[in-house]
Amino acid sequence: MAKEILSPLPGTFYRRPAPDQPAFKNLGDAVAVGDVIGLIEVMKSFHEVLADAAGTITAFPADDEEPVMAGQVLAELD
Amino acid sequence: MAIRKLLVANRGEIAVRIIRAARELGIRTVAVHSLADADSLAVRMADEAVNIGPPAASKSYLNIAAVLAAARDTGADAIHPGYGFLAENAEFADAVEAAGLVWVGPRGDTIRVMGDKVAARIAAEAAGVPVVPGSAGRIDDPEQARAVALAIGFPLMIKAAAGGGGRGIRIVHDIAEFERMVPQASAEARAAFADGGLYLEKVIGQARHVEVQILGDGERAIHLFERECSLQRRRQKVWEEAPSPALPPGMRETLCRSAVALAESVGYRGAGTLEYLFDDATGHFYFIEMNTRIQVEHPVTEMITGVDLVREMIRIAGGEKLRFAQADIAMKGHAIEVRICAEDPSRNFQPGPGTISGLVVPGGAGVRFDTMLYQGYTVPPFYDSLLGKLIVWDEDRPAALRRMARALDELQVGGLPTTKPLHQLLVRDSAVAQAAFHTRWLEPWLEGNAHLLGAREASE
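Chain order of the listed sequences is P and X. Counting in the numbering used here, the first sequence runs from 14 upward without gaps. Counting in the numbering used here, the second sequence runs from 1052 upward without gaps.
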């Protein structure tokens, strides 16, 4: 069954820990519960987004550096 | 050139502050804004508003081409940068002037000199402003290093000349430790940065943050006394006062005069601030850096001097000479500002954007609230958490503290967490009442008082 990882906060979604570093996770990567899949920047502070389900990433509906709302789907898992 | 239409290249409370000053001068205003700020108070108050890009500051408020295009399209003849964003960007200052517009701030070259730590230190020393004792530049010879270290005194920092961002720094406490560490530090620096050069700087222990406000017209400068901003969390100021409760009058005179000398030596134009560390145990002060912009905490200076700093900087940019001689500037009473931020002190200051469901603004004598909030406004998550600044003035510091306590109790911001509970505790704290603090005082205090912050938050 498909699972979704939602943004816990409104802010800006980052898929990489820093602009010159690779993404935390890519399409097709395996994800375990507690893995960091991205960061949300809210008012200049950064919060890790942790996977609350395990699976394989099938989609990133939110782009890197995209503004997101709380509850918006950041990643889909299979 | 008299300014007729001013573009405000900023957002939040400072954009509102600048629009108010412009309006009092009979100048029309243009607010540029990101998509996320279309409903902001500044947009509502300005005569015109221009959407300059998506929410990310890098694509809107930091987009020089978009800001200049908005100025051209609206016929603005001047740009005020506020603080943050492009305020201390020398290339932007140059681009504004190259476009034939008035830049409300110091010349690009002044920003360049004072923004460079080494150049600013050299300019400060040349003007007779004391700097943190250290080696004048890099040191490659161990014998020379030893002599310099003894001259500076301990503890001191050994820094890799090619290092940065805190890397390659060691603190040593005596000459024996110094002699052990120098070869090691040099070898490490060579390995890490391919450069074994070192420089030395004295460690300033418990110090207060004191800063001098200056105004210049490009030739002449005056000071408007000092502020103290020692209450900081993660190097961010949370509470500011004017004057400093710790500075003896004679020292105030020396400090402020040296700031004027430095400002005049660089031909400073506009409002600026020289920041110092003040060691009240030894009575020494040390120049840290100059901020070439209006600062967040400027209202406390306005409250004790009666000078509208934002208005003066616009008048100077428009070509007027300084309207004040130093003797015209007197200080009266005491002012305190607290920063009301959308952060939850009971949850380690986690930021919490949201919609303002209720707003009660304190009033009465000596109270000022500079904010961008209004009932129903949704605070976006993309920018810093400052919602407003509560400022009070009274005859002396004890009275100002009582007035601040009263004003904080009146203030109500509904719909999101704020730092009000922190300030309600600080304003009644006995160490704060005695001004017995320094720049590293607040963080341990927060750890020790975490239970009070949690309890107060839960009861509100």
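Note that CB positions come from ideal geometry on N, CA and C, so glycine has one too.
Cross-chain neighbours of residue i in chain X, by beta carbon under 9 Å
i     : result
P/S58 : E1394, F1400, Q1401, P1402, S1436
Proximity to residue i [Cα-Cα], best of the options
i       : options                            : result
X/T1324 : X/H1274, X/A1121, X/V1430          : X/H1274
X/M1354 : X/D1447, X/I1391, X/I1367, X/E1315 : X/D1447
X/I1442 : X/P1468, X/H1474, X/A1108, X/P1431 : X/H1474
X/Q1401 : X/F1229, X/T1352, X/I1190, X/L1437 : X/L1437
X/E1494 : X/G1403, X/Q1287, X/P1432, X/A1486 : X/Q1287
X/P1396 : X/I1339, X/W1444, X/P1472, X/Y1425 : X/P1472
X/R1398 : X/S1316, X/D1359, X/E1498, X/A1116 : X/E1498
P/T25   : P/T69, P/D42, P/D33, P/Q85         : P/Q85
X/R1031 : X/V1358, X/I1339, X/V1351, X/F1276 : The requested residue 1031 of chain X does not occur in the structure, where chain X is confined to residues 1052 to 1511.
X/A1501 : X/L1477, X/H1489, X/Q1485          : X/L1477
P/T71   : P/A43, P/P35, P/V55                : P/A43
X/L1306 : X/A1122, X/R1284, X/I1190, X/V1180 : X/V1180
P/A67   : P/L22, P/D76, P/G41                : P/G41
X/V1513 : X/A1312, X/I1345, X/T1352          : Shown here, chain X extends from 1052 to 1511; a query on residue 1513 of chain X therefore has no answer.
X/R1189 : X/E1176, X/I1173, X/A1211          : X/A1211
X/P1193 : X/V1169, X/A1238, X/K1168, X/A1177 : X/A1238
X/A1562 : X/R1055, X/I1380, X/D1088          : Outside the shown range of chain X (1052 to 1511) lies residue 1562 of chain X, about which nothing can therefore be said.
X/R1491 : X/H1084, X/R1284, X/R1320, X/F1229 : X/R1284
X/G1384 : X/D1225, X/P1432, X/M1423, X/W1444 : X/W1444
X/A1082 : X/Y1337, X/H1489, X/P1132, X/E1148 : X/P1132
X/V1317 : X/G1466, X/P1296, X/D1268          : X/D1268
X/I1391 : X/P1449, X/A1175, X/T1470          : X/T1470
Under 8 Å by beta carbon: chain P residues contacting residue i
i       : result
X/A1093 : Per Cβ cutoff of 8 Å: no residues; X/A1093 is ~18 Å from chain P at best.
X/A1107 : T25, E78, P80
Limits of the alpha helix (DSSP H) - the one that residue i falls within
i       : result
P/G47   : Element bounds for P/G47: n/a, residue is neither H nor E.
P/E78   : Segment: none, P/E78 is in no alpha helix (DSSP H) and carries neither H nor E.
X/M1354 : 1349–1356
X/D1145 : 1141–1149
X/E1176 : 1168–1177
X/A1456 : 1448–1461
X/Q1235 : 1226–1244
X/R1259 : Where X/R1259 is concerned, there is no enclosing alpha helix (DSSP H), although the beta strand (DSSP E) it sits in stretches over 1259–1268.
X/T1305 : 1300–1316
X/W1496 : 1493–1499
X/V997  : One cannot answer for residue 997 of chain X here, as it falls past the ends of chain X, which runs 1052 to 1511.
X/L1092 : 1092–1096
X/Q1519 : Residue numbering for chain X in the displayed model covers 1052 to 1511; residue 1519 of chain X lies beyond these limits and cannot be assessed.
X/R1390 : X/R1390 -> not in any alpha helix (DSSP H); beta strand (DSSP E) instead, spanning 1385–1392.
X/R1047 : Given that chain X is displayed from residue 1052 to residue 1511, the structure contains no residue 1047 of chain X and the question cannot be resolved.
X/S1408 : Element bounds for X/S1408: n/a, residue is neither H nor E.
Proximal residues of chain X, C-beta to C-beta of residue i below 8 Å
i     : result
P/V62 : What P/V62 touches in chain X: nothing, since even the nearest Cβ is about 14 Å away.
Integer Cβ distance of residue i from residue j, believed to fall under 8 Å
i       : j       : result
X/T1406 : X/G1439 : So it is not a contact: roughly 16 Å between Cβ atoms.
P/S20   : P/I50   : That pair is no contact at about 10 Å.
X/A1368 : X/V1155 : 4 Å
X/G1248 : X/A1240 : 7 Å
X/G1409 : X/Q1463 : 6 Å
X/T1080 : X/V1059 : 6 Å
X/G1135 : X/A1117 : In fact, because the Cβ distance is near 17 Å, the residues do not count as touching under 8 Å.
X/E1291 : X/E1348 : 4 Å
X/R1062 : X/Y1434 : 6 Å
X/R1254 : X/P1206 : Before going further, note that residue 1254 of chain X is Val rather than Arg in the sequence given. The Cβ separation is near 4 Å, so the contact holds.
X/P1294 : X/M1382 : 6 Å
P/V62   : P/P23   : The pair is not a contact, with the Cβ atoms about 13 Å apart (cut-off 8 Å).
X/L1251 : X/I1203 : 6 Å
Extent of the continuous beta strand (DSSP E) to which residue i belongs
i       : result
P/T71   : 68–72
X/K1440 : 1437–1445
X/Q1377 : Looking at the DSSP string, X/Q1377 is not in any beta strand (DSSP E), and its letter there is neither H nor E.
X/K1056 : 1056–1059
X/R1320 : 1320–1330
X/R1062 : First-last for X/R1062: undefined, no H or E at that position.
P/E61   : 58–63
P/L19   : 16–19
P/R28   : Segment: none, P/R28 is in no beta strand (DSSP E) and carries neither H nor E.
X/Q1426 : Here X/Q1426 belongs to no beta strand (DSSP E), and DSSP marks it neither H nor E.
X/T1080 : 1079–1085
Contacts that residue i makes with chain X (C-beta to C-beta distance below 7 Å)
i     : result
P/V55 : P1402, P1404, P1432
Proximity test, Cβ basis, 8 Å: residue i and chain A
i       : result
X/L1251 : In the structure shown, chain A cannot be found, because the protein chains are P and X.
Stretch-stretch touch, CB-based, cutoff 8 Å, three pairs: the stretch 1451–1463 of chain X with the stretch 1126–1135 of chain X:
Taking 8 Å as the limit for Cβ pairs, the verdict is that the stretch 1126–1135 of chain X does not touch the stretch 1451–1463 of chain X.
- request: Could you say if the stretch 1456–1471 of chain X and the stretch 1410–1418 of chain X meet the contact criterion of at least three C-beta pairs nearer than 8 Å?
  value: Counting C-beta pairs with one atom in each stretch, the stretch 1456–1471 of chain X and the stretch 1410–1418 of chain X have three or more that are closer than 8 Å, which means they touch.
Open item on the list: Three Cβ pairs or more, each shorter than 8 Å: is that satisfied between the stretch 1322–1338 of chain X and the stretch 1257–1273 of chain X?
Closed with: Here the stretch 1322–1338 of chain X makes contact with the stretch 1257–1273 of chain X; the two share three or more CB pairs at distances below 8 Å.
Can you find at least 3 beta carbon pairs, one from the stretch 1331–1338 of chain X and one from the stretch 1370–1382 of chain X, that sit closer than 8 Å?
Too few Cβ pairs lie closer than 8 Å, so no.
Taking 8 Å as the threshold, find out whether the stretch 1102–1120 of chain X comes into contact with the stretch 30–41 of chain P through three or more Cβ pairs. A contact is defined here as three or more CB-CB pairs under 8 Å, and the stretch 1102–1120 of chain X fails this definition with respect to the stretch 30–41 of chain P.
Does the structure place the stretch 1152–1169 of chain X close enough to the stretch 1194–1210 of chain X that three or more beta carbon pairs sit under 8 Å? Between the stretch 1194–1210 of chain X and the stretch 1152–1169 of chain X, the count of C-beta pairs closer than 8 Å stays below three; the two stretches do not touch.
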